[in-house]
Amino acid sequence: MNTHAKFLSFLAVLGISVGVFATVDTDPLFLHEVITKDQLRKGHHWTPGEANLKMKEYGGTWKDKASWENRAASIRKGILKGLYWNKMPQIEGNFNPIIHSRREMDGYVVQNIAIQSFPGYYITGNLYSPLKPAERNPAILCPHGHLADKRLKEDVQKRSASFARLGAIVFAYDMVGYAEATQTTHKMPIAALLQTWNSKRVLDYLVSRSDVDSSRIGMTGGSGGGTQTFVLTAIDDRITVSAPVVQVSAHFFGGCVCESGMPIHKGVEYETNNVEIAAMAAPRPLLLVSNGADWTRNSPRIEYPYIRSVYALYDAEHNAEHVHLFNEGHDYGYSKRTSVYPFFAHHLGLNYKRIPYDNGFDESFVTVMPREELYVFDEDHPRPADALIGDNAVMDYLGFER
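When we follow my numbering, the leftmost residue of the sequence shown carries the number 32, and every step to the right adds one.
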């Protein structure tokens, strides 16, 4: 069964009408007419105290695994509906990958890559792989948060290279509107849809590779990359292990249109928040990483206990872990990365001993490359001529009207 068929089968098992999402809606959609402010949950929508009460309210809507799964199915259906998933074109394969500039490093390989998300739209990134790969390897999706050229920054390079040295094939890709993903701006109205769809296409691409073990797929990102991680994990069970970093909050819904600009948190039949969306990973392994200086500061008291209670329904408490760094801030820095390394190594069958260790994991083997060397598109590899340029061009192609 191909990946598209698997995804449709997955929707059917959830009780979601396959026909709705298998058929592309080609009628023009005026977003300002169908999305109202009361449907959106933006930024610090509640206070921490209000969110605490909301978690108790949500907890009262289920009492066992069956009732939780009914709620989770409703939320999942609402996310897909709120993203207007049915506006995306039906597409299988057709990645048309552009891969070049192979460089062998200390225990890993780096290449520049672009794949087609849908006709005329490209996902740009870097592919990291083990220097001596196995016949079938785990794979890891590495989205990132809000910062210009973030994919090219030292922290993303270090975690991607480290995962590859551990034995995984890693796809680090651009957030919409950043680095080379400049076919649209980041603040475009359907950024949440494009980012989630792009993540799905990266997943589709990875599991299509003959050198990837589709039963061992991880995903991790920080901040806005954390949002991308828990949203895709919630709607696609092909993500088998996930680690959203410094983003899961009961009261904060994401401060950007790419996270909270489409109605994924509230529908006719449900209201939810990012804690429940993250909990929908259950019983698959989930690592929550939080800190003391942002909206995740209450995670030991509010967010993680709720998630753990969901895992208890599956007798899977051993698959839910939490690292809270009281004295740290909002980043995916060294201590966050080195918390994820052994977690992914354990659950994806990687060899954590491949990273030097001396009172802490030693990342000094990573060569931090200049940004221009990581670009996919250059004079020798121009962006394809069919590329749709501009927010309006992409939205028009997909049938959206401002």
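All C-beta atoms in this analysis are idealised placements derived from N, C-alpha and C, irrespective of residue type, glycine included.
For Ile338, the number of other beta carbons within 10 angstroms of its own is at least 16, and it is reported as buried.
Beyond the five residues adjoining it in sequence on each side, Ala192 comes within less than 6 Å, by CB distance, of Tyr139, Tyr159, Val397 in the same chain, given in chain order.
In the pairwise beta carbon analysis, the stretch 240–259 is classified as touching the stretch 373–385: at least three pairs are separated by under 8 Å.
If you compare the alpha carbons of Leu379, Arg402, Thr369, Tyr406 with that of Asn390, the shortest gap goes to Thr369. Non-local beta-carbon contacts of Thr216 in its own chain, meaning distances under 7 Å to residues more than five positions away in sequence, involve Gly208, Asp422 in chain order. Between the stretch 343–350 and the stretch 274–284, the count of Cβ pairs shorter than 8 Å is below three; the stretches do not touch. By the Cβ neighbour-count rule, His75 is exposed, with fewer than 16 other Cβ atoms within 10 Å of its own. Linking Pro79 to Thr213 through their CA atoms gives a straight-line distance of about 36 Å. Excluding sequence positions up to five before and after Arg315, its CB lies within less than 8 Å of the CB of Thr264, Asp268, Ile270, Thr271, Val272, Ser273, Asn350, all in the same chain and listed in chain order. Separation of Asp427 and Pro150 (C-alpha to C-alpha, rounded to the nearest whole angstrom) is 13 Å.
DSSP places Gly198 in the coil class of the three-state scheme, outside both helix and strand. Residue range 334–344 is occupied by the alpha helix (DSSP H) that includes Val341. In the three-state reduction of the DSSP assignment, Cys287 falls in the coil class.
The Cβ atoms of Pro161 and Gly198 sit closer than 7 Å to each other. In this structure, Met293 lies away from Ala343, with their beta-carbon atoms at least 7 Å apart. CA-CA distance, Met219 to Val288, rounds to 8 Å.
Counting every other CB atom within 10 Å of its CB across the protein chains shown gives Asn229 a total of 16 or more, marking it as buried.
Nearest to Glu394 by alpha-carbon distance, out of Tyr383, Leu225, Trp93, Asn305, is Tyr383. In terms of CA proximity to Gln121, Asp235 leads the group Leu379, Gln278, Arg182, Asp235. Distance from the CA atom of Asn127 to the CA atom of Leu172, rounded to whole angstroms, is 19 Å.
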